[in-house]
Amino acid sequence: MTGLRSVALPMYLSNRQAVLSLWDVLRTRLLQAGCGGVPQALDWPDDLLAHWHDPQLLLSQTCGYPLTHALAGAVQLLGCFHYDAPGCEGMVCRSQLVARAEHGGRALADFRGLRAAFNSRDSQSGYNALRAAVAPLASEGRFFGEVLATGSHAASIAAVQQGRADLAAIDCVTWAGLQRHMPQMLTGVCTIGLSQAYPGLPLVTGRDTSAKEVLALQTALAALVEDPAAAAALAALGITGFETLPLISYLVCVDMHLQAQALGYPELA
């Protein structure tokens with residue numbers, strides 16, 4: 000490929016300055032690894048799906064559910080970061096089940112007939128993981144009294160805080176980042192449990208990226224997490240490592256959906 004290509008790290012933005020600092024080091028590592036078309040600045044896409052489908056995509060971070068559904072065949076998996084957050088173990092993460100503090104100590108079954116908020120239907124952490132958790136408890140395809148689409152994890156937390164919803168599933172890295180950098184956003188809410196485990200957010204490149212470039216990208220990402228120049232940014236973002244893994248690792252996201260369907264619970268309801 001010729002010309003500048005698209006790079007974004009759009010998923011965990013509770014500390015945008017740390018993301019920018021990380022990019023400064025990552026850009027150097029990409030150039031050293033021989034990657035072509037490395038831009039000067041990160042993209043900050045408003046339309047993530049269009050960004051991930053960009054033929055000029057060099058590097059981005061997406062979600063496990065789109066990777067196995069809307070983006071199937073459209074991107075190549077590079078690997079994923081490891082994060083230091085409760086609920087994370089190596090490449091694996093989970094969703095925190097978040098409720099108002101007044102509901103602290105309740106079991107998931109106690110939210111029957113109440114209201115759930117979710118960020119988007121194509122979210123592994125906010126929708127698919129919650130659907131899988133609730134499916135065994137549902138009756139005739141229903142569990143909640145109402146479900147509310149909010150557009151983001153932050154908006155789902157706000158809906159719970161404000162009493163417009165009673166429960167939301169928030170990925171554990173987002174939750175830990177907000178605790179670290181924006182604790183005021185978590186006032187009045189608590190966690191009541193964790194979802195089933197699933198692989199962390201995948202790092203991807205475009206479908207047409209060559210095998211040589213894929214290896215160069217993986218080399219740069221592996222070097223990044225060991226680079227002393229990136230230590231402060233990595234610590235601020237909770238990143239502790241990088242791991243390459245096969246696409247089959249993300250089939251757990253597909254299985255969670257299929258298992259919920261088999262239990263008669265195809266959608267949050």
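Its first residue numbered 0, the sequence shown is counted upward by one per residue in numbering that gives the first Met the number 0.
The C-beta atom is built at its ideal place from N, Cα and C for all residues, glycine as well.
Between the CA atoms of Glu101 and Thr67 - distance to the nearest angstrom = Position 68 of the sequence shown, counted from the start, is the residue given in the question as residue 67. Position 102 of the sequence shown, counted from the start, is the residue given in the question as residue 101. Their Cα atoms are separated by approximately 37 Å.
Tyr82 in three-state terms, based on DSSP = Taking the sequence shown and counting its residues from 1, the one referred to as residue 82 is at position 83. The answer is strand: DSSP assigns Tyr82 an E or B state.
Look at Phe269 and Val146 and say whether their C-beta atoms are less than 8 Å apart.
-> The displayed coordinates of the chain run from 0 to 268. Any statement about residue 269 would go beyond what the structure contains.
From the DSSP output, in three-state form, read off Leu193 for me.
-> Position 194 of the sequence shown, counting from 1, holds the residue named residue 193. Note: Leu193 maps to strand in three-state DSSP.
Residue closest to Ala228, alpha-carbon to alpha-carbon, out of Arg28, Asn14, Asp165 = Taking the first residue of the sequence shown as position 1, residue 228 is located at position 229. Closest by alpha carbon: Arg28.
Compare the C-alpha of Ala71 against each of Val253, Leu257, Glu266 and name the closest.
-> Position 72 of the sequence shown, counting from 1, holds the residue named residue 71. Here the closest residue by C-alpha is Val253.
Output the distance between the C-alpha atoms of Trp43 and Glu139, rounded to the nearest integer angstrom.
-> Counting from one through the sequence shown, the residue named residue 43 turns up at place 44. Counting from one through the sequence shown, the residue named residue 139 turns up at place 140. Computed Cα separation, rounded: 42 Å.
Assuming Tyr82 contacts Gln123 under a Cβ cut-off of 8 Å, what Cβ separation, rounded to an integer in Å, is found between them?
-> As a working note, residue 82 is residue 83 in the sequence shown. As a working note, residue 123 is residue 124 in the sequence shown. Separation of the CB atoms of Tyr82 and Gln123 is rounded to 15 Å, and the pair is thereby denied contact status at 8 Å.
Buried or exposed: Met181, going by 16 or more other Cβ atoms within 10 Å of its Cβ?
-> By one-based count along the sequence shown, residue 181 stands at place 182. Exposed, by the Cβ-count rule.
Helix, strand or coil at Glu212 [DSSP, three-state] = Counted from its first residue, the sequence shown places residue 212 at position 213. Helix at Glu212.
Taking Val74 as the reference, give the member of Ala84, Gln60, Gly86, Cys87 with the closest Cα.
-> Position 75 of the sequence shown holds residue 74. Nearest option by C-alpha distance: Gln60.
Report yes or no: do three or more beta-carbon pairs, one from the segment 156-171 and one from the segment 94-108, lie closer than 8 Å?
-> With the cut-off at 8 Å, the segment 156-171 and the segment 94-108 touch.
Would you mind stating whether Gly112 and Gly144 have Cβ atoms separated by less than 8 Å?
-> Stepping through the sequence shown from its first residue, residue 112 is reached at position 113. Stepping through the sequence shown from its first residue, residue 144 is reached at position 145. Their beta carbons are under 8 Å apart, which means Gly112 touches Gly144 by this criterion.
Euclidean distance between Cα positions of Arg130 and Leu136 | Counted from its first residue, the sequence shown places residue 130 at position 131. Counted from its first residue, the sequence shown places residue 136 at position 137. Taking the straight line from one Cα to the other gives about 10 Å.
What are the complete alpha helix (DSSP H) segments, minimum 4 residues, inside the segment 140-193?
-> 152-160, 171-180, all fully within the segment 140-193.
Where does Arg206 land, buried or exposed, given buried means 16+ other C-beta within 10 angstroms?
-> Numbered from 1 along the sequence shown, position 207 holds the residue referred to as residue 206. Answer is exposed; the Cβ neighbour count stays below 16.
Run through DSSP, which three-state label would Pro198 get?
-> Counting from one through the sequence shown, the residue named residue 198 turns up at place 199. In the structure shown, Pro198 sits in a strand (DSSP, three-state: E or B).
Name the DSSP beta bridge partners of Arg99, please?
-> Position 100 of the sequence shown holds residue 99. According to DSSP, which records beta bridges pairwise, Arg99 is partnered with Val188.
Exposed or buried, which one is Glu212 when buried takes at least 16 other CB atoms within 10 Å?
-> Taking the first residue of the sequence shown as position 1, residue 212 is located at position 213. By the 10 Å Cβ count, Glu212 comes out buried.
Quick one: what's Glu242 bridged to in DSSP?
-> Within the sequence shown, residue 242 is the residue found at index 243, counting from 1. In the DSSP output, where bridge partners are listed per residue, Glu242 has Cys79.
Taking C-alpha atoms, which residue in Leu19, Gln195, Val159 lies nearest to His256?
-> Counted from its first residue, the sequence shown places residue 256 at position 257. Looking at the Cα atoms, Gln195 is the closest of the given residues.
Can you tell me whether DSSP reads Ser119 as helix, strand or coil?
-> Sequence index remark: in the sequence shown, residue 119 carries index 120 (1-based). Of the three classes helix, strand and coil, the one that applies to Ser119 here is coil, per DSSP.
Chain-order list of residues whose beta-carbon lies under 6 Å from that of Val18 (same chain, five-residue window excluded) = Against the sequence shown, residue 18 aligns to sequence position 19. Same-chain partners within the cutoff: Leu8.
Counterpart residues of Glu88 in DSSP-defined beta bridges = Here residue 88 corresponds to residue number 89 of the sequence shown, with the count starting at 1. In DSSP, Glu88 forms a bridge with Val91.
Where Val114 sits in the DSSP three-state scheme | The count along the sequence shown starts at 1 and reaches residue 114 at position 115. Note on identity: in this sequence residue 114 is Arg, with Val being the wrong assignment. The three-state reading of DSSP puts Arg114 in strand, counting E and B together.
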